[in-house]
Amino acid sequence: MAKVEPFCLKLAVIKKTVRPNFRMYSNEERFWQKTDKQGEDDCWMWKGSRHGKNYMPMLHIDSPWSACSLMSAQRFSYQLHHKTEVPNGWYVANNCDENDCVNPKHLWLVNRYTLKKLRKENELRKKNEHYQESMVENDQADERG
Numbered sequence: 551m552a553k554v555e556p557f558c559l560k561l562a563v564i565k566k567t568v569r570p571n572f573r574m575y576s577n578e579e580r581f582w583q584k585t586d587k588q589g590e591d592d593c594w595m596w597k598g599s600r601h602g603k604n605y606m607p608m609l610h611i612d613s614p615w616s617a618c619s620l621m622s623a624q625r626f627s628y629q630l631h632h633k634t635e636v637p638n639g640w641y642v643a644n645n646c647d648e649n650d651c652v653n654p655k656h657l658w659l660v661n662r663y664t665l666k667k668l669r670k671e672n673e674l675r676k677k678n679e680h681y682q683e684s685m686v687e688n689d690q691a692d693e694r695g
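Quick note on numbering: the sequence shown equals residues 551 to 695 in the working numbering.
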């Protein structure tokens with residue numbers, strides 16, 4: 551029988567006493583439960599929890615140093631599929647417009663400088679799209695009357 555690491559030690563103990571048939575899942579099982587996997591090249595949308603001001607997709611994981619930790623779902627996906635740790639000082643970014651996408655084909659490693667640059671470019675692009683949409687709406691309103 552394969553060893554399954556507990557989700558969150560305190561939570562598992564509480565749930566085990568309340569619900570004796572409570573099953574503890576591995577990190578990988580929890581990841582797949584919360585991922586809406588589509589085609590190989592499509593976005594795989596994260597259905598799990600979010601954290602922080604940007605509501606980054608987060609996965610509760612078991613780790614050797616903590617009973618219950620948070621990790622970016624994109625970081626976990628990258629590590630799971632590439633079978634390697636993300637080096638210190640590097641971040642996982644996605645090259646699609648979906649913040650919730652965890653498809654490893656859409657993920658790549660960037661340093662802090664590049665990540666800040668990408669975020670700034672995204673903000674400017676979104677502001678520009680919003681401005682263009684409002685201009686179209688104003689033009690349509692002027693044509694009506």
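Every residue gets a Cβ at the ideal spot worked out from N, C-alpha and C, and that includes glycine. Values in this document were obtained by computation on a predicted structure and should not be read as measured data.
Going by alpha carbons, who is nearest to SER599 out of LYS666, ASP647, LYS633 and ILE611?
-> Ranking the options by Cα distance to SER599, first place goes to ILE611.
Answer with buried or exposed for LYS607, where buried requires no fewer than 16 other C-beta atoms within 10 angstroms of its C-beta.
-> It should be noted that the sequence gives Pro, not Lys, for residue 607. It is buried - the Cβ of PRO607 has at least 16 other Cβ atoms within 10 Å.
For TRP594, which of helix, strand or coil comes out of DSSP?
-> coil
Runs of beta strand (DSSP E) wholly within the segment 595–676 (minimum 3 residues, chain order) = Restricting attention to beta strand (DSSP E) runs no shorter than 3 residues, the segment 595–676 encloses them at 606–613, 616–622, 640–644 and 657–661, ordered along the chain.
8 Å contact criterion, which ASN645 and HIS656 should meet: CB distance rounded = 6 Å
Under the assumption that MET621 contacts LEU609 (Cβ atoms under 8 Å), give the Cβ distance between them as a whole number of angstroms.
-> Rounded to whole angstroms, the Cβ separation of MET621 and LEU609 is 5 Å, and the two are in contact under 8 Å.
Report the rounded CA-to-CA distance for PHE581 versus ALA623, giving the unit in angstroms.
-> Rounded to whole angstroms, PHE581 to ALA623 spans 8 Å at the Cα level.
Continuous alpha helix (DSSP H) stretch holding GLN588: start and end = Counting along the chain, GLN588 falls outside any alpha helix (DSSP H), and DSSP gives it neither H nor E.
If you draw a straight line from the C-alpha of GLU633 to the C-alpha of GLU683, how long is it?
-> Reading off the sequence, residue 633 comes out as Lys, not Glu. Each residue's Cα considered, the two are about 43 Å apart.
Min CB distance GLU673 to chain C below 8 Å | Of the chains in the structure shown, none is chain C; there is only one protein chain.
Within its chain, find whatever has a CB closer than 7 Å to the CB of TYR628; leave out the 5 residues flanking it on each side and keep chain order.
-> The residues are VAL636, VAL642, PRO654 and LEU657.
With a Cβ-Cβ cutoff of 8 Å, do GLU578 and LEU630 count as a contact?
-> yes
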